[in-house]
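*Asks:* Numbers in the working numbering are just positions in the sequence shown, counted from 1, shifted up by 118. All C-beta atoms, glycine included, are put in the ideal place defined by N, C-alpha and C. Quick caveat, the model's predicted, so the values are computed rather than measured. Got a structure for you, questions after.
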Amino acid sequence: MELQNAVVLVTGGNRGLGKAFVEEALTRGARKVYAAARDPRSVSTPGATALALDVTDPDSARRAAAGATDVTLVVNNAGVSARASLLTGVLDDIRREFETNFYGPIHVTRAFAPVLAANGGGHLLNVHSVLSWISQGTSYSATKAALWQATNAFRLELAPQGTGVTGLHVGYIDTDMTAGIDGPKVSAADVARQAYDGVEMGAFEVLADEVTRTVKRGLSADPAALYPQLV
């Protein structure tokens, strides 16, 4: 799939990584880029088409699909982080995370799968995290691990209609979500470039930084290799 002349939909396209996805798609010559957000008035990228979409609401996803029937690439980017403990955290906060990070991409993908099929198959890009593969002891990791498996399922189910599926895994990105976190961060623009490169190459996965690549290599090892605090 090529970004040139593609019609791209980015959830959470009003800020952070989502805004970078919108800008990079326009730079690569996308014919149209829908920047989807709960409040379309928050979309400020010149050249983008603002679209109302609450990923936690399946009716909202269906309305968005009915109004954007030309989409050929869906970027499931919208996400939240409560950083709640699974043992002691507020369950409503954890449910809200799952509604956005896990069920949200399911609602959007269900709504837009027929649109992608009607437009030749197209492509789906899901934003995971290195925390799909390693836990920090919070609910966020659980939501991203669940999304990783949903992406694997989508890849199998969408293949017959010609829809490619790419999963993006990355560590800390320099956005508002990580403003209070110390540690190495990659720029949102660089992550968007790598992700779209992967889409254009038909990659199943994009590992956007060295932290993610290191964790992926360690998945076959004993859990103590990834969690030295257990020793």
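(1) Does the Cβ-Cβ distance between F230 and A264 come in under 9 Å?
(2) To the nearest angstrom, how far is it from the Cα of T129 to the Cα of E318?
(3) Check for me: the alpha helix (DSSP H) holding A343 runs from which residue to which?
(4) With 16 as the cutoff for other CB atoms within 10 Å, does G280 come out buried or exposed?
(5) Got a sec, what are the start and stop residues for the alpha helix (DSSP H) Y314 sits in?
(6) So the candidates are T187, V189 and I212; which of them puts its Cα closest to the Cα of G197?
(7) Since G285 and T330 should fall inside the 8 Å C-beta cutoff, what is the C-beta to C-beta distance between them, to a whole number of angstroms?
(8) Which residues in the same chain have their Cβ closer than 8 Å to the Cβ of L204, if we skip the five residues on either side of it in sequence?
(9) Tell me L352's beta-bridge partners as DSSP assigns them.
(10) For S305, I'd like the list of residues in its chain whose CB is within less than 7 Å of its CB, leaving aside the five on either flank, ordered along the chain.
(11) Please report the distance separating the alpha-carbon of D177 from that of N244.
(12) Could you say which of R228, A168, G222 and T145 lies nearest to A153 if we only look at CA atoms?
(13) Relative to the C-alpha of F272, which residue among K150, L242 and G136 is closest?
(14) Grab me the residues of G336's own chain with a C-beta within less than 7 Å of its C-beta, minus the 5 sequence neighbours each way, in chain order.
(15) Distance, Cα to Cα, G240 vs V226?
*Replies:* In this structure, then:
(1) Judged by their CB atoms, F230 and A264 are not nearer to each other than the 9 Å cut-off.
(2) If you draw a straight line from the Cα of T129 to the Cα of E318, it comes to about 19 Å.
(3) Taken as a continuous stretch (DSSP letters only), the alpha helix (DSSP H) holding A343 covers P341 to L344.
(4) Its Cβ having fewer than 16 others within 10 Å, G280 is exposed.
(5) Counting along the chain, Y314 sits inside the alpha helix (DSSP H) bounded by residues A306 to M319.
(6) G197 has its Cα closest to that of I212, out of T187, V189 and I212.
(7) That belief does not hold up - the Cβ atoms of G285 and T330 are roughly 11 Å apart, past 8 Å.
(8) Within the same chain, Cβ atoms closer than 8 Å to the Cβ of L204 are found at I212, G255, T256, S257 and A260, the five residues on either side in sequence being excluded.
(9) The structure shown does not extend to residue 352, since the chain is modelled only from 119 to 349, so the question has no answer here.
(10) The answer, listed in chain order, is D292.
(11) Here the C-alpha atom of D177 lies approximately 20 Å from the C-alpha atom of N244.
(12) Each of R228, A168, G222 and T145 was checked against the Cα of A153, and the nearest Cα belongs to A168.
(13) Looking at the Cα atoms, L242 is the closest of the given residues.
(14) Closer than 7 Å at the Cβ level, and outside the excluded window around G336, lie A343 and L344.
(15) Going by the C-alpha atoms only, they are around 15 Å apart.
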